[in-house]
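Peer 1: FYI, in my numbering the residues of the sequence shown are 46 to 302. Quick reminder that beta carbons are idealized off the backbone N, C-alpha and C, glycines included.
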Amino acid sequence: MINFFKRLFRTKSLPMSSAGLTHPGLVRKKNEDHFVQFKDRKLFLVADGMGGHQGGEVASHTAIQIIADDLTDTVLTSAGSDQAEIRHALLRSFERANNAVMVRANSDETLTGMGCTLIAAVLNGQTLHTCHVGDTRCYVVDDLALHQITQDHSALVERLNDSSPNLENDPLPARHAVTRVIGFPFPEPPEYNAVHIKSGDRILLCSDGLWSMVDEESIRTVLQEARSAEKTVETLIDLANEAGGLDNITAVLIMID
46 MINFFKRLFR TKSLPMSSAG LTHPGLVRKK NEDHFVQFKD RKLFLVADGM
96 GGHQGGEVAS HTAIQIIADD LTDTVLTSAG SDQAEIRHAL LRSFERANNA
146 VMVRANSDET LTGMGCTLIA AVLNGQTLHT CHVGDTRCYV VDDLALHQIT
196 QDHSALVERL NDSSPNLEND PLPARHAVTR VIGFPFPEPP EYNAVHIKSG
246 DRILLCSDGL WSMVDEESIR TVLQEARSAE KTVETLIDLA NEAGGLDNIT
296 AVLIMID
């Protein structure tokens, strides 16, 4: 009976449309990004792989597969609108994905050191739940502004959050090194966020190949003018490539009707 009422409540999600697109960019030979959309579950995943040989691609695909297998419709329906249960399910799935990638890396020396950033987004009623590690981002755009929901897990952000950051002596690559990723023991748990969403909002999940190449004002403008999810992700990918396409680029857009 409890699960029946949870299912009944969960069906009240706002109507939406979504689209995703990934591109290797103009410099990298391989695309180690990966994304999936489960529109029936309202579950969306983006991963950005890293590691030599085929490691990055293996890590991103493995992590997303584990999350997808773990966060079934049954699991999400059972959680209902209970924020604590959804948070627990997300954190548990990230732990399982992390363990799976580490086991895979330890079993094949060609995959040693592989990992990936990862974000999962779940829509439930009028709440957007996100869980992430690394610098794959979630933005929400409304009529007024662009809001970055996630915080990058990077050396730069951690230093900026210090009471007296001193970045002058830090080499640039080290500043942007991610500090929390799938494939290595978590120094801190994955970050969970829950935010209210409303009709007209645009939710963007993207890898750093997009946000590092396209400024936030341009992203805001494109999303506020969006009429088609498919055409909008194409526009975002094109903008990143026009700016140099220095990395793999992935964008998943969810438009709340």
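Buried or exposed, going by whether 16 or more other CB atoms sit within 10 Å of the CB of K87?
Peer 2: The residue in question, K87, is buried, as its Cβ has 16 or more Cβ neighbours within 10 Å.
Peer 1: Starting from the Cα of I248, find the closest Cα among D197, V278, L121 and give me that residue.
Peer 2: For I248, the nearest C-alpha among the options comes from V278.
Peer 1: Going by DSSP, what residue range makes up the beta strand (DSSP E) through V146?
Peer 2: Premise fails: V146 lies in the alpha helix (DSSP H), 128-151, not in any beta strand (DSSP E).
Peer 1: With a 10 Å radius around its C-beta and 16 neighbouring C-beta atoms as the bar for buried, classify A190 as buried or exposed.
Peer 2: A190 should be labelled exposed.
Peer 1: Restricting to Cα atoms, I'd like to know which of G254, I282, E261, V259 is closest to D93.
Peer 2: If we check each option's Cα against that of D93, G254 comes out closest.
Peer 1: On the CB-based measure, 16 or more other CB atoms within 10 Å of its CB, does N293 come out buried or exposed?
Peer 2: By the neighbour-count rule (16 or more Cβ atoms within 10 Å), N293 is buried.
Peer 1: Can you list, in chain order, the residues of its chain whose CB lies under 7 Å from that of K84, leaving out five sequence neighbours each side?
Peer 2: So the list reads S63, once near-sequence residues are dropped.
Peer 1: Distance, Cα to Cα, A288 vs H177?
Peer 2: Their backbone Cα atoms lie some 26 Å apart in a straight line.
Peer 1: Which of helix, strand or coil does DSSP assign to S209?
Peer 2: Since pLDDT at S209 reaches only 49, below the 50 mark, its modelled position is unreliable, and the value read off the structure follows with that caveat. Coil, per DSSP.
Peer 1: With a CB to CB cut of under 6 Å and the five nearest residues on each side skipped, what residues in its chain are close to M95?
Peer 2: The residues are G101, G160.
Peer 1: Just checking: is the beta-carbon of R73 within a distance shorter than 8 Å of some beta-carbon in chain C?
Peer 2: Among the chains of the structure shown, chain C does not appear; only one protein chain is present.
Peer 1: State the start and end residues of the unbroken alpha helix (DSSP H) segment that holds A274.
Peer 2: From DSSP, the alpha helix (DSSP H) with A274 extends over 274-287.
Peer 1: Sort S123, T122, Q82, N76 by Cα distance to R98 and report the nearest one.
Peer 2: Reading off the sequence, residue 98 comes out as His, not Arg. Minimum Cα distance to H98 is reached at N76.
Peer 1: For R272, count neighbouring C-beta atoms within 10 Å of its own C-beta (all shown protein chains included) and say buried if the count is 16 or more, exposed if not.
Peer 2: By the neighbour-count rule (16 or more Cβ atoms within 10 Å), R272 is not buried but exposed.
Peer 1: Rounded to the nearest angstrom, how far is the Cβ of T224 from that of S199, given a contact under 8 Å?
Peer 2: Confirmed, Cβ separation roughly 6 Å.
Peer 1: I need the straight-line Cα distance from L217 to D187, nearest angstrom please.
Peer 2: In this prediction, L217 has a pLDDT of 48, which is less than 50 and means its spatial position is unreliable; nothing more can be read from the coordinates.
Peer 1: With which residues is G65 paired in a DSSP beta bridge?
Peer 2: In DSSP, G65 forms a bridge with V297.
Peer 1: To the nearest angstrom, report how far apart G158 and V146 are at their CA atoms.
Peer 2: Cα to Cα, the separation comes out at about 10 Å.
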